[in-house]
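Residue numbers (this note's numbering): 374 to 492.
Given below as structure tokens:
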């Protein structure tokens, strides 16, 4: 059972709207050239990742880039996500947000589960 106080503290922070968005957009198939690369580099190796751009996040949430950046930094600081970049041949890298690992038994293991369950 998770620690309820810690769970509610985490879930009431506004950045968890973004966390929910990331979890609902985990790359599981390669339906574009970018997603094929992400799937082969991350998902096929057991990582659960999301690759939404700031523009896509902005469209879905209505937030400005400064708020998006602040919430991503917060989620990374508390250990719920890890960020990395993938070169797409443009000026900036495509951000990839790692949320956890797939297990061989078919159960996804997210970083947040470890944080909530620690004493």
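Ideal Cβ placement from N, Cα and C applies to all residues, glycine included.
Roughly how many whole angstroms lie between the Cα atoms of residue 411 and residue 396?
For the purposes of this step, residue 411 is taken as residue 38 along the chain shown, with counting starting at 1. For the purposes of this step, residue 396 is taken as residue 23 along the chain shown, with counting starting at 1. The alpha-carbon atoms of residue 411 and residue 396 are separated by roughly 15 angstroms.
For residue 472, which of helix, strand or coil comes out of DSSP?
Position 99 of the chain shown holds residue 472. For residue 472, the three-state secondary structure derived from DSSP is strand.
May I ask you to list the residues that DSSP assigns as paired with residue 414?
Numbered from its first residue, the chain shown carries residue 414 at position 41. None; residue 414 has no bridge partner.
On the DSSP bridge list, what partners appear for residue 483?
Translated into positions along the chain shown, residue 483 becomes position 110. Beta-bridge annotation (DSSP): residue 483 is paired with 473.
State the Cα-Cα distance for the pair residue 375 and residue 464, rounded to the nearest angstrom.
Translated into positions along the chain shown, residue 375 becomes position 2. Translated into positions along the chain shown, residue 464 becomes position 91. Because the pLDDT of residue 375 is 49, which lies under 50, any placement of that residue in the model is unreliable, and the question is left without a value.
For residue 437 versus residue 388, is the C-beta spacing smaller than 7 angstroms?
Position 64 of the chain shown, counted from the start, is the residue given in the question as residue 437. Position 15 of the chain shown, counted from the start, is the residue given in the question as residue 388. Result no, Cβ atoms of residue 437 and residue 388 do not sit closer than 7 angstroms.
Could you tell me which of 385, 447, 382, 405 sits nearest to residue 470, measuring between CA atoms?
Within the chain shown, residue 470 is the residue found at index 97, counting from 1. Looking at 385, 447, 382, 405, the one whose alpha-carbon comes closest to that of residue 470 is 447.
Are the CB atoms of residue 430 and residue 441 within a distance shorter than 7 angstroms?
The residue you call residue 441 lines up with position 68 of the chain shown. The residue you call residue 430 lines up with position 57 of the chain shown. In this structure, residue 430 lies closer than 7 angstroms to residue 441 by Cβ.
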